[in-house]
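A.B. asks: Counting from 1, one number per residue, gives the positions in the sequence shown under UniProt numbering.
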Amino acid sequence: MAINLENHSNLQCFLDCTTPIVKTQNFPKSGFLKTNLLSETPGPNPVKCFQLADLWDQYYEWSACGAGTRVHLYSGDTVVQYYVPYLSAIQLYTTTPRSFNGGTGVYYQKENIKRLGELYFEYFEACSPYGRIPFYDKIYELAHDVPGLTSLTSLELSPASWMAVAWYPIYHIPTRCNVKELSACFLTYHTISSLFQDDEFCKKEEIKCCKKQNFNKSSKFTALKTTSMSLPPFGLATYKVKGSLWLNSERGDKEMAASLYSAADSWLKQLAVQHHDFTYFTTHTV
1 MAINLENHSN LQCFLDCTTP IVKTQNFPKS GFLKTNLLSE TPGPNPVKCF QLADLWDQYY
61 EWSACGAGTR VHLYSGDTVV QYYVPYLSAI QLYTTTPRSF NGGTGVYYQK ENIKRLGELY
121 FEYFEACSPY GRIPFYDKIY ELAHDVPGLT SLTSLELSPA SWMAVAWYPI YHIPTRCNVK
181 ELSACFLTYH TISSLFQDDE FCKKEEIKCC KKQNFNKSSK FTALKTTSMS LPPFGLATYK
241 VKGSLWLNSE RGDKEMAASL YSAADSWLKQ LAVQHHDFTY FTTHTV
């Protein structure tokens with residue numbers, strides 16, 4: 001018999017536990033880069049800045065072992081569901097023209113789009129999930145030909161820079177049989193420019209679920225406001241997400257999921273991007 005999950009949100013816990021937290025440094029906006037794009041961008045001064053290599057490091061353990069998130073089941077039991085991240089898409093726009101070493105290929109192109117910045121690199125995964133390698137390994141495979149993937153900082157990227165991460169389930173502990181809802185998959189969208197970030201993203205309420213349970217990366221959240229930056233998803237698409245296990249009406253999960261989906265859809269349309277995984281998640285709802 002189904003139980004009342006009360007105020008618990010499995011969806012919010014998943015988002016909390018898969019949100020990267022990267023160490024930062026503070027830089028004065030006016031003194032770091034002098035470009036029209038930078039000077040016209042609203043936001044705090046100084047701004048928090050991180051190296052892309054440090055961001056990718058947050059996915060190292062997740063790529064190797066999976067990211068664990070607590071899921072409360074209808075039976076009243078709780079399991080830890082593990083998800084492996086895969087790079088689904090990425091576009092890096094820089095605030096100044098840059099170049100990189102490497103040959104031509106389907107991974108990148110360069111064109112000057114004034115309102116977005118300079119498109120330095122882009123990649124869109126089109127392989128089946130079974131043919132992909134985990135996020136961290138894929139990033140460093142691409143970085144072999146595109147060194148800026150690890151050497152650039154978030155302050156050198158325009159607000160149009162973003163990435164999408166596909167999360168696929170691998171196992172849960174303890175093992176439960178015939179829990180179809182645990183086959184749910186997620187596609188999270190993140191901005192990766194310092195010029196787009198807002199300190200409001202660091203509100204403690206957004207990570208209350210996992211802090212209260214003292215689970216996953218709660219110790220890292222403690223230092224969030226002083227030395228780190230949280231990059232929560234601004235967009236979301238889901239696959240095989242059905243019923244109230246993931247979408248708790250008492251917590252407004254349906255509204256949150258719909259809002260995040262709409263934000264992802266609008267973002268892709270504004271950039272005129274065809275994102276294979278987003279299309280698949282949208283057209284294959286079960």
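No residue lacks a Cβ here, since even glycine has one placed at the ideal position from N, Cα and C.
#1: Three Cβ pairs or more, each shorter than 8 Å: is that satisfied between the stretch 45-52 and the stretch 269-277?
#2: Around the Cβ of P174, are there at least 16 other Cβ atoms within 10 angstroms (buried) or fewer (exposed)?
#3: Residue range of the alpha helix (DSSP H) that T96 falls in?
#4: In three-state DSSP terms, what is S161?
#5: Taking Cβ to Cβ, would you say residue 287 is nearer than 8 Å to Y123?
#6: So is H144 buried or exposed if we call it buried at 16+ other beta carbons inside 10 Å?
#7: Considering Cα atoms alone, identify which of L116, I133 and T153 is closest to G66.
#8: Just list the residues that DSSP pairs W167 with in beta bridges.
#9: Going by alpha carbons, who is nearest to T95 out of C185, S158, S9 and P129?
#10: Go ahead and pull the three-state DSSP assignment for Q25.
#11: Sort S259, A160 and A263 by Cα distance to L271 and report the nearest one.
#12: Terminal residues of the continuous alpha helix (DSSP H) containing A272?
#13: What does the alpha-carbon distance come out to for the pair P233 and F186?
#14: Do V84 and L231 have their C-beta atoms closer together than 8 Å?
#15: Between I90, L15 and L182, which has its C-alpha nearest Y171's C-alpha?
#16: Terminal residues of the continuous alpha helix (DSSP H) containing F135?
#17: For my contact list, S194 and S154 are in at a C-beta cut-off of 8 Å; report their separation, rounded to the angstrom.
#18: Would you mind reading off the limits of the alpha helix (DSSP H) that contains E61?
#19: What does the alpha-carbon distance come out to for the pair L149 and A258?
#20: What does the alpha-carbon distance come out to for the pair D137 and S9?
#21: In chain order, what residues of the same chain have a beta carbon less than 6 Å from the beta carbon of L11, not counting five sequence neighbours either side?
#22: Taking the beta carbon of P20 as the centre, do at least 16 other beta carbons fall within 10 Å, making it buried, or is it exposed?
#23: Kindly list the residues whose CB is nearer than 8 Å to the CB of Y239, restricted to its own chain and excluding five residues on each side of it in sequence; keep chain order.
C.D. replies: According to the data block:
#1: Result no; under three Cβ-Cβ pairs closer than 8 Å.
#2: Classification for P174: exposed.
#3: In the DSSP assignment, T96 falls outside any alpha helix (DSSP H), carrying neither H nor E.
#4: Coil.
#5: Nothing about residue 287 can be reported from this structure: the residues present for the chain run from 1 to 286 only.
#6: A residue is called buried once 16 or more other Cβ atoms fall within 10 Å of its Cβ, and H144, having fewer, is exposed.
#7: Taking the Cα of G66 as reference, the smallest distance to any Cα among L116, I133 and T153 is reached at I133.
#8: DSSP, once it has assigned bridges, lists P85 and F186 as partnering W167.
#9: Of the listed residues, the one whose Cα sits closest to T95 is S158.
#10: DSSP places Q25 in strand when its eight states are reduced to three.
#11: Out of S259, A160 and A263, A160 has the C-alpha closest to the C-alpha of L271.
#12: Here A272 belongs to no alpha helix (DSSP H), and DSSP marks it neither H nor E.
#13: Straight-line Cα distance between these residues: approximately 11 Å.
#14: No; because the gap between Cβ atoms is not below 8 Å, this pair is not in contact.
#15: Cα-wise, what sits closest to Y171 is L182.
#16: Start and end: F135 to A143.
#17: About 4 Å separates the two Cβ atoms, so the contact holds.
#18: Where E61 is concerned, the enclosing alpha helix (DSSP H) stretches over Y60 to C65.
#19: Taking the straight line from one Cα to the other gives about 31 Å.
#20: Computed Cα separation, rounded: 31 Å.
#21: Only W246 and D253 meet the Cβ criterion.
#22: By the Cβ neighbour-count rule, P20 is buried, with 16 or more other Cβ atoms within 10 Å of its own.
#23: Answer for Y239: A184, C185, F186, L187, Y280, F281, H284 and T285, listed in chain order.
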